[in-house]
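Participant: All residue numbers for the sequence shown refer to my numbering, where the first residue is 30 and numbers rise by one.
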Amino acid sequence: MAPVLWASTTFEIDTLADGQRMAHSSRATEFYSRHGNPTINAFEAAVAELEGADAARAFASGMGAITGVVLGLCGKGDHVVAQKQAYGGTTQLLAGVCPRFGIDVTFVDGTKPGAFAEAVIPGRTMLVLAETPANPLLDLVDLDELGAIKGPITAVDSTLATPLGVRPLEHGVQLVIHSATKAMAGHNDATLGVVAGERDLIDALWGFAVLQGACASPFDAMNGLRGLRTLGPRLRQQEQTAVAVGRALEAHRSVNWVRHPRLESHPQFALGQRQYSQFGGVLAFELAGGREAGARFVEAVRLCRPATSMGGPETLVTHPASTTHAGLTPDELAAAGITPGTVRMSCGLEHTDDVVADVLAALA
Ligand SMILES: *Cc1c(COP(=O)(O)O)cnc(C)c1O
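In structure tokens form, the structure reads like this:
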């Protein structure tokens with residue numbers, strides 16, 4: 030029942046014709062592991078099935094997958110429309126690396142109706158890239174609107190939702206991207222990414238990916254399969270804790286605001302209810318005491334742990350202004366949606382009451 034680990038990088042071929050066919054086929058499973066590998070292919074098949082996609086390609090990380098999509102599909106002179114609310118690495122790739130390759134990027138507010146479509150330049154825009162729910166404030170994008178854009182290829186980073194929260198391809202979006210490092214593998218022990226979509230698009234991406242070399246490790250793919258088998262119950266537990274923590278925070282005088290799409294206070298609550306069946310355990314909130322309060326909170330938790338990443342068994346808290354984004358000016362922080370008192374939290378699998386008690390004790 031459990032997935033098998035095929036560690037081999039290479040496979041004995043039966044005939045030269047087989048070898049030649051596999052060297053050029055995105056469906057090769059037993060040729061050379063940068064092209065394909067039975068354990069990696071099993072993970073890809075599982076994700077494709079969960080997303081309702083024809084095919085998927087696994088990568089060494091979420092950033093491997095995003096870089097594969099952007100640089101695999103776009104070239105000199107092409108234009109990309111991207112969401113300004115996104116994972117930091119994605120923004121750095123688009124703003125810092127793409128210009129070096131002659132790829133122009135327009136950033137839009139993904140929460141604004143029609144923003145993506147308005148920024149498309151017919152004949153020049155190759156890719157429209159969204160992220161929802163987005164880092165770090167859980168902003169949402171209307172996937173029906175994104176899927177209705179014709180011409181450019183549409184792609185969405187759906188890491189926070191997972192395929193159990195939403196299936197973007199059913200909304201007409203062409204590619205769905207995940208950092209499986211997070212909830213999908215789910216145990217903070219695998220660095221893994223994946224892209225799923227139509228067969229032709231995945232084949233096109235595959236051709237770039239074997240040269241890019243950011244292929245998944247078979248061991249991580251095995252742990253990805255292990256994670257998928259418990260994804261549902263883990264997400265339900267994490268979401269239950271996130272909502273309980275969120276309500277406790279909303280009632281606390283030291284907290285200015287709380288963001289989780291399941292809380293009625295979320296500015297896009299109705300869209301969240303309509304579009305997603307599950308969100309998982311990531312929430313953000315702002316402490317009234319600003320930078321000092323944020324730093325002290327992260328040091329005061331006992332059960333929760335100060336660490337980056339999300340979707341794993343342990344509840345993790347991060348204070349971006351004093352860690353991941355410490356080098357930014359107040360203006361740059363504000364542009365990224367991160368105020369000095371913002372804390373991001375990824376609820377784990379501990380008992381809900383214990384997490385709430387730890388958060389309240391740290392606030393006190
Ligand atoms: C973590 C994350 C990434 C990057 O994934 P890695 O596996 O760390 O490379 C991309 N997008 C989102 C939304 C993420 O949370």
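Backbone N, C-alpha and C fix where the C-beta goes; we use that ideal spot for every residue, glycine too. Quick caveat, the model's predicted, so the values are computed rather than measured.
1. Going by beta carbon distance, what residues of the same chain come within less than 6 Å of TYR22, once the five residues before and after it are set aside?
2. With a threshold of 16 other CB atoms inside 10 Å of the CB of THR358, please say whether the residue is buried or exposed.
3. With C-beta atoms as the reference, is GLY65 less than 8 Å away from VAL224?
4. How about TYR116: is its Cβ closer than 7 Å to a heavy atom in ligand 1?
5. Rounded to the nearest angstrom, how far is the Cβ of GLY222 from that of ALA57, given a contact under 8 Å?
6. When you compare the segment 101 to 116 with the segment 248 to 258, are there three or more beta-carbon pairs, one atom per stretch, that lie closer than 8 Å?
7. Can you tell which of GLN269, VAL109 and ARG263 has the C-alpha that lies nearest to the C-alpha of ILE182?
8. Whose CA, out of ALA46, CYS244, VAL126 and ALA391, lies closest to the CA of GLY323?
9. I'd like to confirm something about MET92: is its beta-carbon nearer than 7 Å to some heavy atom of ligand 1, or not?
10. Could you check if MET30 is buried or exposed, using at least 16 other CB atoms within 10 Å of its CB as the buried criterion?
11. Determine whether the beta carbon atoms of ARG288 and GLY370 lie at a separation below 8 Å.
12. If you draw a straight line from the alpha carbon of THR210 to that of ASP218, how long is it in whole angstroms?
13. Return the first residue and the last residue of the beta strand (DSSP E) that GLU315 is part of.
14. Looking only at C-alpha atoms, which of THR270, TRP286 and ARG325 sits nearest to VAL311?
15. Run the proximity test for LEU189: is its beta-carbon closer than 7 Å to any non-hydrogen atom belonging to ligand 1?
16. Among the candidates LEU389, PRO192 and PRO165, whose CA atom is the shortest distance from the CA of LEU362?
17. Between ARG276 and the rest of its own chain, which residues show a CB-CB distance below 8 Å, the 5 nearest in sequence each way excluded?
18. Relative to the alpha-carbon of ALA68, which residue among GLY48, CYS244 and GLY143 has its alpha-carbon at the smallest distance?
19. Give a single yes or no on whether ASP186 has its beta carbon closer than 7 Å to a heavy atom of ligand 1.
20. What runs of the beta strand (DSSP E), each 3 residues or longer, lie entirely inside the segment 182 to 226?
21. Taking MET155 as the reference, give the member of GLU59, ASP360, GLY106 and VAL272 with the closest Cα.
22. Using only the alpha-carbon positions, how far apart do ALA250 and PHE72 sit?
23. Please indicate yes or no: does the CB of ALA113 lie closer than 7 Å to some heavy atom of ligand 1?
24. Have a look at the DSSP bridge pairing and note the partners of TRP286.
25. Using the Cβ count rule (16 or more neighbours within 10 Å means buried), how would you classify SER294?
Facilitator: The relevant details are as follows:
1. Limits of the chain in this structure are 30 at one end and 393 at the other, which puts residue 22 out of reach.
2. exposed
3. no
4. yes
5. Not confirmed; about 20 Å, so no contact.
6. no
7. VAL109
8. ALA391
9. yes
10. exposed
11. no
12. 8 Å
13. 311 to 316
14. THR270
15. yes
16. PRO165
17. LEU292
18. The question names Ala, but residue 68 is Thr in the sequence shown. Looking at the Cα atoms, CYS244 is the closest of the given residues.
19. yes
20. 182 to 186, 204 to 208 and 222 to 226
21. GLY106
22. 6 Å
23. Rather than Ala, the amino acid found at residue 113 in this sequence is Lys. Because no heavy atom of ligand 1 lies under 7 Å away, the Cβ of LYS113 does not count as near it: no.
24. GLU315
25. exposed
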